Every structure is written in structure tokens, then in C-alpha cells.
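> These protein sequence lines are chains A and B, in that order. In this text, residue positions in the first sequence follow this note's numbering: the first is 1, and each later residue adds one. In this text, residue positions in the second sequence follow this note's numbering: the first is 113, and each later residue adds one. Glycine included, C-beta positions come from ideal geometry on N, C-alpha and C. These numbers come from a predicted model, not from an experiment.
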Amino acid sequence: KAGVTQTPRYLIKTRGQQVTLSCSPISGHRSVSWYQQTPGQGLQFLFEYFSETQRNKGNFPGRFSGRQFSNSRSEMNVSTLELGDSALYLCASSWAELLEQFFGPGTRLTVL
Amino acid sequence: SQQGEEDPQALSIQEGENATMNCSYKTSINNLQWYRQNSGRGLVHLILIRSNEREKHSGRLRVTLDTSKKSSSLLITASRAADTASYFCATDAGTYKYIFGTGTRLKVLA
Chain A
1 KAGVTQTPRY LIKTRGQQVT LSCSPISGHR SVSWYQQTPG QGLQFLFEYF SETQRNKGNF
61 PGRFSGRQFS NSRSEMNVST LELGDSALYL CASSWAELLE QFFGPGTRLT VL
Chain B
113 SQQGEEDPQA LSIQEGENAT MNCSYKTSIN NLQWYRQNSG RGLVHLILIR SNEREKHSGR
173 LRVTLDTSKK SSSLLITASR AADTASYFCA TDAGTYKYIF GTGTRLKVLA
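#1: Starting from residue 77 of chain A, trace the beta strand (DSSP E) both ways and give me its first and last residue.
#2: For a test of the three-state rule: what should DSSP assign to residue 116 of chain B, helix, strand or coil?
#3: Using the DSSP secondary-structure output, state which residues sit across from residue 167 of chain B in a beta bridge.
#4: Tell me which residues share the same chain as residue 108 of chain A and place their Cβ nearer than 6 Å to its Cβ, disregarding the 5 neighbours each side in the sequence.
#5: Does residue 221 of chain B pass the burial test, meaning 16 or more other C-beta atoms within 10 Å, or should it be called exposed?
#6: Terminal residues of the continuous beta strand (DSSP E) containing residue 42 of chain A?
#7: With 8 Å as the threshold, decide whether the Cβ of residue 209 of chain B is near any Cβ in chain A.
#8: Span of the beta strand (DSSP E) holding residue 147 of chain B?
#9: Between residue 193 of chain B and the rest of its own chain, which residues show a CB-CB distance below 7 Å, the 5 nearest in sequence each way excluded?
#10: By how many angstroms is the C-alpha of residue 66 of chain A removed from the C-alpha of residue 153 of chain B?
#11: Give me the Cα-Cα distance between residue 39 of chain A and residue 85 of chain A, rounded to the nearest whole angstrom.
#12: Counting pairs of Cβ atoms below 8 Å between the segment 17 to 26 of chain A and the segment 41 to 49 of chain A, do you hit three or more?
#13: If the cut is a Cβ gap below 7 Å, which residues of chain B does residue 55 of chain A touch?
#14: Could you spell out where the beta strand (DSSP E) holding residue 68 of chain A opens and where it closes?
#15: Which residues does DSSP list as the beta-bridge partners of residue 208 of chain B?
#16: Pop quiz: residue 48 of chain A and residue 27 of chain A are said to be a contact at Cβ under 8 Å. What is the actual Cβ separation, rounded to whole angstroms?
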């Protein structure tokens, strides 16, 4: 079975731009979660989707948004980028809640 | 902050020794999981322990859970250089999100 894939793997943007990151979960997994990882804040939960519905959202500003498609693929969007948005963005999928999550390799976003 | 705490923050041991890292959390949980992360890459799931379990083994890994103290420990026996990584605990409080600990950086010296 193919693992979780994330595209792109690396991204450089400038302040004020917007960015869209993509995540393809493991086949059959319907739950997709997104995390932001930075050296200072560690792993912070962004949001979780299940069957195209956002079930929970972390404490991030409205500039961070996401969606999930009918094939369970998910995207997250960050608008009006700030320097502090530079981070590793990780996507994880699971078959259902309360089960182990399988992580993708992440997208490293650098905001200049 | 809801984030869990792990200690130690960093641990350096010789190959063949055992490594123990601890995780404390703040809210009631359904389960607790441990993950490994190599050098800024994605996380790899190691083991899941449910709130009604006290101990679980997987290969060289042993995890304990004490819900009364809201704490868990991960023991890696007979460590190898390949075990060098950061280790995170993650707790699920039944709200469709996981709260990750701050992580322990383990370095195993050959």
C-alpha cells in the first residue's frame, strides 16, 4: 500500500503571498489531520477532516483553512503569509478516529 | 497550553544501553501513542496504548501508562545507533485531534 504523500515537498514564498499544500492519504483512510511543526512551538494541530467535514480545528488564525475532497485527498491553504508561518507542515491519515495515524514526509514552507 | 510535556528533552546513551523517556499530559484520554521522527521528516507510529491498559510491548519497546498520574513512559531496550531520533507522545481526548508532547531527542552513540 502506498503511504501518505504530500506535495510539494519544499516551498519558498514571500510575505503576503498565499500557498496551497496537498495531501493524499493512504487508500481507504477517511480521516486526515494537519499539523504545523516549528522548533519553538513543536507539533501543533491545525485541523482534522473526515468524509469532507471538518470535525475539529486548532488555535490558528482564519488565514489557515483546509478542505477534503470526496476521494479523501485534502488541501490546506494559508493566505497572506507571514514570516512566522515558516514551518514543516505534516499531514496524517487514519482509517478512523482513535487509531494510529500515518504521517506523510511533510512540506517544508519557507516564507521570506 | 494543552501540550504534553516530555522529559528528558534530550538523552545521549551508548549503543546497547536502555533508553527511558517520560510523557505527562493534562486531560483524560482514550489512548496514548508514541511516535518517532528522524531529522525533520514525517513521524512514524511506534505503539498505541489504550486508557484501560497499563503496559504494552512491541519488539524492543515497552510502554507503560499510569492514568492516575497522567503519565506514560517509553523504554527502548538494547538501543542501536538507528534509534537516534526524536520521540513524541500523543494523546487523544476524543475530540478528533491529537495533542503532541514536546519530544525527547535521543542520541545513541556507536
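On the basis of the supplied data:
#1: Within the first sequence, residue 77 of chain A is the residue found at index 77, counting from 1. From DSSP, the beta strand (DSSP E) with residue 77 of chain A extends over 74 to 78.
#2: Numbered from 1 along the second sequence, position 4 holds the residue referred to as residue 116 of chain B. In the structure shown, residue 116 of chain B sits in a strand (DSSP, three-state: E or B).
#3: In the second sequence, residue 167 of chain B corresponds to position 55, counting from 1. Residue 167 of chain B is bridged to B:176.
#4: The residue given as residue 108 of chain A occupies position 108 in the first sequence. Excluding positions up to five away in sequence, the list reads 10 and 88.
#5: To locate residue 221 of chain B, count along the second sequence from 1; it is residue 109. The residue is exposed, with fewer than 16 neighbouring Cβ atoms inside 10 Å.
#6: For the purposes of this step, residue 42 of chain A is taken as the residue at position 42 of the first sequence. Its beta strand (DSSP E) spans residues 42 to 50.
#7: The residue given as residue 209 of chain B occupies position 97 in the second sequence. Cβ-Cβ to chain A under 8 Å: yes for residue 209 of chain B.
#8: Locating residue 147 of chain B in the second sequence gives position 35, where the first residue counts as 1. From DSSP, the beta strand (DSSP E) with residue 147 of chain B extends over 143 to 149.
#9: By one-based count along the second sequence, residue 193 of chain B stands at place 81. Contacts found: 127, 220 and 222.
#10: Counting from 1 along the second sequence, the entry for residue 153 of chain B is found at position 41. Counting from 1 along the first sequence, the entry for residue 66 of chain A is found at position 66. Cα-Cα distance, rounded: 22 Å.
#11: Here the question's residue 39 of chain A lines up with position 39 in the first sequence. Here the question's residue 85 of chain A lines up with position 85 in the first sequence. Taking the straight line joining both Cα atoms gives about 12 Å.
#12: no
#13: As a first step, residue 55 of chain A must be located in the first sequence, where it is residue number 55. Correct list: 208.
#14: As a position in the first sequence, residue 68 of chain A is number 68, starting the count at 1. Unbroken beta strand (DSSP E) run through residue 68 of chain A: 64 to 68.
#15: For this step, residue 208 of chain B is matched to residue 96 along the second sequence. Paired residue(s): none; residue 208 of chain B is not in a bridge.
#16: By one-based count along the first sequence, residue 48 of chain A stands at place 48. By one-based count along the first sequence, residue 27 of chain A stands at place 27. Actually they are not in contact, since the Cβ atoms of residue 48 of chain A and residue 27 of chain A sit about 19 Å apart, beyond 8 Å.
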